[in-house]
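Note that the working numbering has the sequence shown beginning at 72, numbered continuously upward.
Working notes, structure below.
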Amino acid sequence: MSDKDLVSMIFKDPEGVGYILNNPDEPLIYLSMLKYGLSTRRFLFLDYKGEENLEIVNYILDYEFSHDIELATQDELEELGDYDYKYVPEKIQEANKLIKPKGYGLFSFPTPGDFYALFLAELEHKDQLLQVELLADENIPVKERYIQYYTYV
């Protein structure tokens with residue numbers, strides 16, 4: 072898959088895609104995506120220790136508002152906000168259970184640090200997104216070099 076295809080699946084706006092692909096300050100597409108995602112709030116950055124307040128719920132609400140779609144009802148989002156979990160992937164699984172019927176998933180972008188970079192994307196691109204190794208760091212386990220989709224059992 073080309074860099075342009077990957078970036079277009081995650082960042083829908085043509086202006087953002089162009090900026091990421093042609094960023095003279097950051098020639099590595101991986102880092103350009105990570106920095107752009109952080110600066111535009113397209114990525115939700117969470118500490119591995121978990122959320123503060125309702126970060127995942129608020130991220131979904133912001134996404135719904137900016138894309139004029141409904142991924143979950145208010146009641147469902149309240150339940151997700153109250154969900155008690157031990158590890159962040161558990162809550163991501165619950166979010167995915169909630170938004171999957173609308174054709175979306177919450178994905179984890181690989182990071183070298185102690186945080187999650189989460190983003191919403193259409194599930195039609197899931198298989199393609201999960202096949203791209205983004206982090207070329209041999210000190211990081213192979214699985215964690217790829218975009219991940221935490222699914223429920």
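Note that beta-carbon positions come from the ideal geometry of N, C-alpha and C, so glycine has one too.
Using a Cβ distance threshold of 9 angstroms, E141 and E149 do not count as a contacting pair. Counting along the chain, G174 sits inside no alpha helix (DSSP H), nor does DSSP assign it H or E at all. Secondary structure at L169: helix, using DSSP grouped into helix, strand and coil. F186 sits away from I81, with the two beta carbons spaced by 9 angstroms or more. Listed in chain order, the non-local C-beta contacts of Y119 below 8 angstroms within the same chain comprise V159, D185, F186 and Y187, local neighbours out to five positions each way being set aside.
It is roughly 7 angstroms from the alpha-carbon of A166 to the alpha-carbon of L151.
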